[in-house]
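Here is the structure we will look at, set down as structure tokens.
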Amino acid sequence: MNNNNESLDARAIAQAQSAQGGSEKKNQPSKEEKSFNSHYTQLWSSNNPGLIIFLLDQSASMAELYRSTGKSKAQYAADIVSDQINEFIIKNKPSETFRNRVRFVVIGYGGNDPVTGVQTLLAGNVEDLALSTQFPIREKEIKKGDKIIKIGGSKQFVTPRAEGITPMKEAFEVAKGIIDNFIEKYPNAPAPLIINISDGFPEVNGKNQKDYQQEVVEIVKEIRKKETPDGKTLVFNIHIGEGTPVGFEGDENKIKSLNDACVQFLFDISSFLPKRYRKNAIGVGLDEDFPNLVVDEPKPRGFISNADSKQFHKFIIFGTK
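1197 is the number of the first residue of the sequence shown in our numbering; add one for each residue after it.
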């Protein structure tokens, strides 16, 4: 495959010219690659809505400050997810009628009990969430003359929490059940998407950490086999750390060279990035920080680590675009 840092559209044009007898010969994509790129093209609609599941690490370490935001990791993640749901509500009410083109689920996981430590924080379509009265309204301050006044803003859909350890496997198990029910109800829907946001390893009391990590790997493998005609379920990961940002990497050797076992783990359970999602990521400018987004081989994954707040926000935007 071509490894030049050129745009996806430029490569498509070049390949088309080659097919028409151009002078440059391009390697033909493999059967697996053709299959992968032919999926993940179905648009969300009211009849066949999309499903986005956010998994939020709410373990004790999420109480730490997140870079220069002035917020804890838990608060920042909660705010970003809330912002994105609010934006979807606005975009999907062009008139008096809501367009229920996507169903959101947010699952928080953190605590010393792996069962009670996993909570479904919200679940609903655009109209459900827009009309619900269970979520508080966030106030925002504006300046009016010499005074600062507070006005009602958007909804705080996710309340931050940070306690205990990290029952990630149990969170993925809850997500798996939701995906099974969703596909049964909407068998022709777009491929479901999970975005997992975490700052560390999966861990529960009473289990060897490596053994428990392998249990997470196995449940993620099962989830990624769940499919609709549009493609298999995608699992993207955001690692909240303090090191050098790395994102959309496809080269396992580069990840190993970082000598960060947590980064390695979340990279390993991340799906390859379909062409449509790659275009979305490039569309919000993520290729400026992560140029391997436009490299074909090795295929980039839906994974970002040590992102600053701007990169974090863009990742959420591209993933739910």
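Every residue, glycine too, gets a C-beta built ideally from N, C-alpha and C.
Where the beta strand (DSSP E) containing residue i begins and where it ends
i     : result
L1247 : G1246 to D1253
R1299 : V1298 to Y1305
F1432 : L1430 to H1435
S1394 : L1389 to S1394
G1320 : V1314 to N1321
C-alpha gap between residue i and residue j, whole angstroms
i     : j     : result
D1376 : P1383 : 10 Å
N1455 : A1503 : 17 Å
P1332 : R1297 : 24 Å
L1469 : G1266 : 32 Å
E1323 : I1285 : 8 Å
K1517 : D1464 : 24 Å
K1287 : S1278 : 14 Å
S1350 : I1276 : 12 Å
S1242 : R1295 : 6 Å
I1281 : I1390 : 15 Å
I1500 : D1342 : 43 Å
K1475 : N1308 : 40 Å
I1374 : S1257 : 27 Å
F1250 : L1325 : 15 Å
N1449 : V1459 : 12 Å
S1264 : N1488 : 26 Å
D1492 : G1402 : 43 Å
V1301 : V1490 : 30 Å
S1453 : Q1410 : 21 Å
E1283 : A1477 : 18 Å
A1273 : E1414 : 26 Å
CB contact flag (residue i, residue j, <9 Å)
i     : j     : result
G1498 : F1397 : no
S1268 : Y1262 : yes
V1412 : K1365 : yes
A1319 : R1299 : yes
P1494 : G1446 : yes
G1479 : Y1236 : no
A1259 : A1385 : no
F1378 : P1441 : no
V1311 : P1245 : no
D1483 : H1435 : no
Residue from the options whose Cα sits closest to the Cα of residue i
i     : options                       : result
A1367 : V1416, P1441, R1297 and L1462 : V1416
D1407 : G1307, F1461 and V1480        : F1461
I1419 : N1244, P1386, V1442 and S1467 : S1467
G1439 : K1381, G1360, I1451 and I1248 : I1451
P1425 : F1444, I1391 and E1380        : E1380
G1443 : P1496, I1391, V1354 and L1317 : P1496
F1508 : I1393, G1313 and S1453        : I1393
T1355 : R1472, D1253 and I1390        : D1253
V1400 : I1281, I1390, I1500 and V1314 : V1314
A1387 : D1492, T1312, T1429 and K1421 : T1429
I1303 : L1317, N1244, Q1238 and P1310 : L1317
Q1352 : N1308, Q1271, S1264 and T1293 : Q1271
E1369 : D1395, K1422 and N1321        : K1422
N1321 : E1292, I1248, Q1410 and K1471 : I1248
Cβ neighbour criterion (16 or more within 10 Å) applied to residue i
i     : result
L1327 : exposed
I1361 : buried
F1514 : buried
G1481 : exposed
S1457 : It should be pointed out that residue 1457 corresponds to Ala in this sequence rather than to Ser. The residue in question, A1457, is exposed, as its Cβ has fewer than 16 Cβ neighbours within 10 Å.
F1511 : buried
P1290 : exposed
K1506 : exposed
Q1330 : exposed
L1239 : exposed
N1223 : Model confidence at N1223 stands at a pLDDT of 46, short of 50, so the residue's coordinates are unreliable and nothing is read from them.
N1404 : exposed
G1306 : buried
Start-to-end residues for the alpha helix (DSSP H) that takes in residue i
i     : result
F1511 : S1505 to G1515
S1501 : No alpha helix (DSSP H) holds S1501; the beta strand (DSSP E) holding it covers F1499 to S1501.
I1276 : K1269 to K1287
Y1262 : Per DSSP, Y1262 belongs to no alpha helix (DSSP H) and is neither H nor E.
Y1408 : Q1405 to I1419
Q1460 : A1457 to D1464
S1291 : Careful: S1291 lies outside any alpha helix (DSSP H) and carries neither H nor E.
S1453 : E1448 to S1453
R1474 : K1471 to G1479
K1495 : Neither: K1495 is in no alpha helix (DSSP H) and is coded neither H nor E.
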